[in-house]
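**Student:** Quick note: the sequence shown, position 9, residue 9 per full-length UniProt numbering, numbers continuous.
The structure is given below, and queries will be raised subsequently.
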Amino acid sequence: MTKHPPNRRGISFEVGAQLEARDRLKNWYPAHIEDIDYEEGKVLIHFKRWNHRYDEWFCWDSPYLRPLEKIQLRKEGLHEDEGSSVSIKSVMSWVSR
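Given below as structure tokens:
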């Protein structure tokens, strides 16, 4: 019987989807979904910039998976909301006065 992934805000359960995952040492890292096992209800997570030997299977309702934080999106050059009205330049000029 094929299971369906849960509807979790900020996480798209598809191969390549970006998220954060917690490793066994309880640290959160940016990651993406490498594979999905619909029979077992699990996703194979690849931690970015780590060797694939550290890839790990998680149940898709695991509390150790969460949406990618906005701060992390900015670090990686991704933009969640392109329509931001305050630019870094204007904030920096205000702070330096």
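Built from N, CA and C at the ideal position, the CB exists for glycine as well.
Around the Cβ of Leu65, are there at least 16 other Cβ atoms within 10 angstroms (buried) or fewer (exposed)?
**Tutor:** Counting from one through the sequence shown, the residue named residue 65 turns up at place 65. Buried, because 16 or more other Cβ atoms sit within 10 Å of the Cβ of Leu65.
**Student:** Output the boundary residues of the beta strand (DSSP E) element that contains Ala17.
**Tutor:** Here residue 17 is taken as the residue at index 17 of the sequence shown, counted from 1. No beta strand (DSSP E) holds Ala17; DSSP gives it neither H nor E.
**Student:** In the DSSP assignment, what are the bridge partners of Arg66?
**Tutor:** Mapped onto the sequence shown, residue 66 falls at position 66. DSSP output for Arg66 lists Glu20 as bridge partner(s).
**Student:** Within the continuous beta strand (DSSP E) that includes Asp37, where are the two ends?
**Tutor:** For this step, residue 37 is matched to residue 37 along the sequence shown. Looking at the DSSP string, the run of the beta strand (DSSP E) that includes Asp37 is 28-37.
**Student:** Just grab the DSSP bridge partners of Glu56 for me.
**Tutor:** As a position in the sequence shown, residue 56 is number 56, starting the count at 1. In the DSSP output, where bridge partners are listed per residue, Glu56 has Ile45.
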